[in-house]
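This report concerns only the one structure given below.
Protein chains: 2
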Amino acid sequence: MKNPRLKQQIEFIVEIDRLKRIFRQNVVIGTEEQENDAEHSWHLAVMAVLLTEYSAEALNTLRVLKMLLVHDLVEIYAGDTFCYDEKGNLDKLEREQKAADKLFNLLPSDQAQEIMDLWQEFEAVETPEARYAASLDRLQPLLLNYNTFGHTWQKPGITSQNVWKRNQLLKEPVPELWELVQEIIEDSIEKGYLKRF
Amino acid sequence: MKNPRLKQQIEFIVEIDRLKRIFRQNVVIGTEEQENDAEHSWHLAVMAVLLTEYSAEALNTLRVLKMLLVHDLVEIYAGDTFCYDEKGNLDKLEREQKAADKLFNLLPSDQAQEIMDLWQEFEAVETPEARYAASLDRLQPLLLNYNTFGHTWQKPGITSQNVWKRNQLLKEPVPELWELVQEIIEDSIEKGYLKRF
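So the sequence lines, in the order shown, correspond to chains V and P.
At position 131 of the first sequence (counting the first as 1) the number is 205 in my numbering, and the numbers step up by one without a gap.
At position 46 of the second sequence (counting the first as 1) the number is 120 in my numbering, and the numbers step up by one without a gap.
The following block contains the structure:
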């Protein structure tokens, strides 16, 4: 390849194929197959297109989409950390920052910086775009759990309190979706998908 | 759910989870697992973010991303048609239009129309955004095949002529990527991943 910049970009594009092999706790609806990060990222991005009207703040949708498309890439080297795994979450940031440095620097430096900025913005949850993206990142697994008889919620130690707490993030960025989440949690308890306490 | 509009949107979001179960001809790099449409759509969207500089025409990147995120949704009801299956491609458009009518109309009518417009624009390949998106939709499986010893290209009847013809679409929208494709085809023939004739 004559163009070294294009060569780097293609190497990165090939490397991130591995996101399709990073498995999450959820299963795909109607199957026993664990969802992977690439599927999850796609699903979030479509949700982001369809649900902007519920954002309490004006959004740059392009930035939201870019953020969601790359938000889990670090897991290629750092692995998926289960959101209710307290021990795993202690060194999560350090592991993921290392992974980001390694992975994003496969790209030409301007693009490495762009992806790093998007990832850090997502992680910090301080901009309207990041708050909206983070809200969807919580709503999507909740929808999957609700439609798979509470698959992930059946794991030992998980109760409605955990789910409630984790989803409180939606309250301000997307108030109407937060109402929906509360309804789903309540209905899931009634249906036996989720333990109340 | 109090809001019937949100109810429709959530039903659609849950229904399209099925895209994760629509399998393609390619395998995921380093595995024997067939890639699915959700993974493919995510991969294309990231490529679209990274490769805009190669487009011969100015692009609305947000429109490109929306188009790529939804371009294969019709396959949930219509199935994946192998690009080199001449018979399957005869009634492809009719099957997919039916699927689009059924699937997109789960959404509130304004959003059903938006997604229909995006899908039809992608299929028509007449705008800069659609030409760029369609180019990536050809480049991505080529990259996967090149990195899996020509997995799909090993099927009976496929030669470099088929691959060459299919990828000619890249010539004008992304000339530098078309050069790359030609290099990859030539190298794949040399490596025995692809039959010359």
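The beta carbon of each residue, even a glycine, is placed where N, CA and C say it ideally should be.
Source: prediction; values computed, not measured.
query                                                                                                                                                                                         : result
Taking a contact to mean a Cβ-Cβ separation below 9 angstroms, would you say Ala174/V touches Met190/V in this structure?                                                                     : yes
With 16 other CB atoms within 10 Å as the buried threshold, where does Glu131/P fall?                                                                                                         : exposed
Which residues, in chain order, does the segment 80 to 105 of chain P contribute to contact with chain V at a C-beta distance below 8 angstroms?                                              : Leu80, Gln83, Ile84, Phe86, Ile87, Val88, Ile90, Asp91, Arg92, Leu93, Lys94, Arg95, Val102, Ile103, Gly104 and Thr105
Using the beta-carbon of each residue, which ones in chain V are nearer than 7 angstroms to Thr226/P?                                                                                         : Those within 7 angstroms of Thr226/P in chain V number zero; the least Cβ separation is about 15 angstroms.
What alpha helix (DSSP H) runs, 4 residues minimum, are completely inside the segment 146 to 170 of chain V?                                                                                  : 149 to 152
For Glu203/V, which residues in chain P fall below 8 angstroms Cβ to Cβ?                                                                                                                      : Ordered by position in chain P, no residue passes the 8 angstroms Cβ test against Glu203/V, which lies about 13 angstroms from the chain.
Out of Leu142/V, Ile87/V and Leu124/V, state which residue places its alpha-carbon closest to the alpha-carbon of Arg79/P.                                                                    : Leu124/V
Measure the CB-CB distance between Ile103/P and Asp154/P and report whether it falls below 9 angstroms.                                                                                       : no
With distances taken from CA atoms, which of Leu268/P, Leu210/P and Arg212/P is nearest Pro230/P?                                                                                             : Leu268/P
Thinking C-alpha only, which one of Leu136/P, Lys176/P, Arg137/P and Lys140/P is nearest Glu149/P?                                                                                            : Lys176/P
For Phe97/P, name the three-state secondary structure that DSSP assigns.                                                                                                                      : strand
Determine the burial state of Ser209/V: buried for a count of at least 16 other Cβ atoms within 10 Å of its Cβ, exposed for fewer.                                                            : buried
Quick one: any contact between the segment 182 to 196 of chain V and the segment 213 to 228 of chain V, if contact means 3 or more CB pairs under 8 angstroms?                                : no
Counting only C-beta atoms, is Val148/P closer than 9 angstroms to chain V at any point?                                                                                                      : no
Rounded to a whole number of angstroms, what is the C-alpha to C-alpha distance between Leu143/V and Glu195/V?                                                                                : 13 angstroms
What is the DSSP secondary structure of Lys76/V, counted as helix, strand or coil?                                                                                                            : coil
Might you give, ordered along the chain, the residues of its own chain that have their beta carbon closer than 8 angstroms to the beta carbon of Ile90/P, omitting 5 neighbours on each side? : Leu147, Ile150 and Leu177
Report, in whole angstroms, the separation of the C-beta atoms of Trp116/V and Trp116/P, which I expect to be a contact under 8 angstroms.                                                    : 4 angstroms
For Tyr158/V, tell me which candidate among Glu107/V, Met75/V, Ser234/V and Glu264/V has the shortest Cα-Cα distance.                                                                         : Ser234/V
With distances taken Cα to Cα, identify the nearest neighbour of Thr105/P among Trp193/P, Asn221/P and Leu213/P.                                                                              : Asn221/P
Please report the residue range of the alpha helix (DSSP H) in which Asn241/P lies.                                                                                                           : Ser234 to Asn241
Have a look at Ala204/V and Thr126/P and give me their C-alpha separation to the nearest angstrom.                                                                                            : 23 angstroms
Return the first residue and the last residue of the alpha helix (DSSP H) that Glu195/P is part of.                                                                                           : Ser183 to Ala198
Quick check: Val255/V and Tyr128/V, are their CB atoms within less than 9 angstroms of each other?                                                                                            : no
Can you round the beta-carbon distance between Leu139/V and Ala122/V to whole angstroms, since I take them to be within the 8 angstroms contact cut?                                          : 6 angstroms
Considering only C-alpha positions, which residue in the set Glu246/V, Glu168/V, Leu218/V and Lys265/V is nearest to Glu197/V?                                                                : Glu168/V
Which chain P residues sit within Cβ distance under 7 angstroms of Met121/V?                                                                                                                  : Ile87
Residues in the same chain with beta-carbon distance under 8 angstroms from Asn110/P, minus the five sequence neighbours each way, listed in chain order, please.                             : Leu93, Lys94, Arg95, Ile96, Phe97 and Arg98
Comparing the C-beta of Lys70/V with each C-beta of chain P, is any distance below 9 angstroms?                                                                                               : An answer regarding residue 70/V cannot be provided, because it is not within the stretch 75 to 271 covered by chain V.
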